[in-house]
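Colleague: Take this structure first; my questions come after.
Residue numbers (this note's numbering): -18 to 502.
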């Protein structure tokens, strides 16, 4: 019926008019994109054969409430599971590796929703299984995350890189751990998958503990390659997850008790207790089964223990650390204990400002939450309590101004960094500077490699002096314009990788861990 109506309408129009209609977008999508998205084979065939629709013209489509920009027709058909249309487009010459704006291929789209028949067909048509999206997330990774065992197995049989890392350093094993796909994890391990850390210093074991997949944790802690410390911290972190995400206090207590017993068995005490944290009511982390029994009588004390344990294991830079502190504060606010909420939120904000880069999105989110909270305080519901919160309001304003100042200084420093040439390295070539630091990769006071100088006498001027005409060498350059070369961070990351220097969130900031991981650690 739809096909007949469309045919009767377009057959009456002149060719130029039809052409304009076929390329026009409605809500960001062309007619061919809409037909492929919704599985209208006859309409797609008519648009291709009778209207000369462009096979590669992209459009915007919505899947599961998310708008995909720059989606080719083949991507839409693959994501929607319309195999007949996929075959039609391929037969007409569609690019099997055409991507969306986020560099997602039709094959990755099919892997996402588990369209195995389309996956096999696209690969037979020479689809590249290793093309990742802009986040470095591959077809194998998304199949693992979505729990599509058959697709993951098929990709592995074809030689998919089982240990490839995304931009954030996670592997297919991390995706299995986060989604709870135990069978696929076992499959990956049989195909040579190795345990590694991501940019947050997280192993698949810790990722499973954070997401609360106890069956994954139980499986991994039984493996020989898991150290006692990793096993214990996974149980402790899983307990914190049980406490905050699952609201299972008995489950959390059981896991923490197991961890305490394991520490005693292998003689691995917890790190020295830090000074009591005022935001946590002066609480310190439990160190014995007796301590655990004491806090079990107080649910609020158990929740605070979860915050303390998570911060110790994940470190202050991990998003979950500050998230659950803020979450606990929000719970206090909902219960009417706004002072306790402000105390916890200020602790999380200061933690973020100490660890994260200036104007981080996480820090901005914290400041935004304060704005909403104070707006709530100023409302009619609790207007009588406004004066007691004025000192807190001033503190938050001071933190916001400090963040703005840090951000401004950061921008100015980057501008100066990009255009300055360090005097210590003036006249040296990049390789000469590199050689100076090569012998002592661990030396902190290494020459500023990011400011590697260029020769003061430019090659283009030498060429001109040797008789070459201006047209042969390009426009003459009269002054040095230093550019930003390889950064010190980059070179340090290479040195860490080359010398296999161990690290974690306790020894490196988050952004430096990400740099090391991205260089193949």
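Ideal Cβ positions, reconstructed from N, Cα and C, are used throughout, including at glycine.
On a predicted model such as this, the values are computed, not experimentally measured, just so you know.
Buried or exposed: where does residue 96 fall if 16 or more other Cβ atoms within 10 Å of its Cβ makes it buried?
Modeller: buried
Colleague: Enumerate, from N- to C-terminal direction, the unbroken alpha helix (DSSP H) stretches of 4 or more residues contained entirely within the region 180 to 243.
Modeller: 185 to 192, 195 to 202, 209 to 225
Colleague: Using a Cβ-Cβ cutoff of less than 6 Å, which residues in the same chain neighbour residue 328 once the five nearest sequence positions on both sides are dropped?
Modeller: 260
Colleague: Count the other C-beta atoms from every protein chain shown that fall within 10 angstroms of the C-beta of residue 107, then say buried if there are 16 or more, exposed otherwise.
Modeller: exposed
Colleague: Pairs of beta-carbons, one from the region 304 to 317 and one from the region 247 to 256, closer than 8 Å: are there three or more?
Modeller: Not touching, per the Cβ criterion.
Colleague: What did DSSP end up calling residue 150 once you bin it into helix, strand or coil?
Modeller: coil
Colleague: In chain order, what residues of the same chain have a beta carbon less than 6 Å from the beta carbon of residue 148, not counting five sequence neighbours either side?
Modeller: 116, 117
Colleague: Quick one, are the C-beta atoms of residue 298 and residue 285 less than 7 Å apart?
Modeller: no
Colleague: Expressed to the nearest angstrom, what Euclidean distance is found between the alpha-carbon atoms of residue 386 and residue 199?
Modeller: 47 Å
Colleague: With C-beta atoms as the reference, is residue 18 less than 7 Å away from residue 57?
Modeller: Yes, Cβ-Cβ distance for residue 18 and residue 57 is below 7 Å.
Colleague: If we count Cβ pairs, one from each stretch, closer than 8 Å, do we get three or more for the region 190 to 204 versus the region 222 to 236?
Modeller: yes
Colleague: Between which two residues does the alpha helix (DSSP H) carrying residue 52 extend?
Modeller: Boundaries around residue 52 are those of the beta strand (DSSP E), 47 to 52, since no alpha helix (DSSP H) includes it.
Colleague: Tell me which residues share the same chain as residue 169 and place their Cβ nearer than 8 Å to its Cβ, disregarding the 5 neighbours each side in the sequence.
Modeller: 125, 133, 137, 143, 153, 154, 157
Colleague: Can at least three beta-carbon pairs, one atom from the region 159 to 168 and one from the region 277 to 293, be found at a separation below 8 Å?
Modeller: no
Colleague: Quick check: does the Cβ of residue 190 come within less than 6 Å of any heavy atom belonging to the ligand COA?
Modeller: Ligands displayed in this structure: none; no statement on the ligand COA is therefore possible.
Colleague: By a C-beta neighbour count over all protein chains shown, 10 Å radius and 16 as the cutoff for buried, is residue 129 buried or exposed?
Modeller: buried
Colleague: Using 8 Å for Cβ pairs, my map puts residue 102 next to residue 68. What's the rounded Cβ distance?
Modeller: 7 Å
Colleague: Going by beta carbon distance, what residues of the same chain come within less than 6 Å of residue 494, once the five residues before and after it are set aside?
Modeller: If we look at residue 494 and ignore the five residues flanking it on each side, its Cβ neighbours are 180, 182.
Colleague: For the beta strand (DSSP E) that contains residue 360, what are its first and last residues?
Modeller: Per DSSP, residue 360 belongs to no beta strand (DSSP E) and is neither H nor E.
Colleague: Where residue 34 and residue 85 are concerned, what is the direct C-alpha to C-alpha distance, given to the nearest angstrom?
Modeller: 22 Å
Colleague: Would you check if the distance between the CB atom of residue 243 and the CB atom of residue 213 is smaller than 7 Å?
Modeller: yes
Colleague: Does the beta-carbon distance from residue 302 to residue 291 come in below 7 Å?
Modeller: Cβ distance < 7 Å, so residue 302 and residue 291 count as in contact.
Colleague: When the Cα atoms are used, what is the spatial distance from residue 497 to residue 141?
Modeller: 24 Å
Colleague: Starting from residue 503 and walking both ways along the alpha helix (DSSP H), at which residues does that stretch end?
Modeller: Within the shown structure, residues of the chain are numbered from -18 to 502, placing residue 503 beyond reach of any answer.
Colleague: Measuring straight from C-alpha to C-alpha, what distance separates residue 21 and residue 233?
Modeller: 52 Å
Colleague: For residue 313, collect the residues of the same chain with a Cβ closer than 8 Å to its Cβ; drop the 5 residues on either side in sequence, then sort them by chain order.
Modeller: Here the set comprises 319, 321, 322, 325.
Colleague: What does the alpha-carbon distance come out to for the pair residue 482 and residue 476?
Modeller: Rounded to whole angstroms, residue 482 to residue 476 spans 8 Å at the Cα level.
Colleague: In this structure, what does DSSP give as the bridge partners for residue 42?
Modeller: 49
Colleague: Using 7 Å as the threshold, is the C-beta distance between residue 82 and residue 40 below it?
Modeller: no
Colleague: Kindly indicate which three-state DSSP category residue 282 falls into: helix, strand or coil?
Modeller: helix
Colleague: Give me the residue from 94, 381, 352 with the minimum Cα distance to residue 331.
Modeller: With distances taken between Cα atoms, residue 331 lies closest to 381.
Colleague: May I ask which residues mark the beginning and end of the alpha helix (DSSP H) holding residue 16?
Modeller: 12 to 19
Colleague: Alpha carbon to alpha carbon, how far is residue 62 from residue 339?
Modeller: So the two alpha carbons sit approximately 44 Å from each other.
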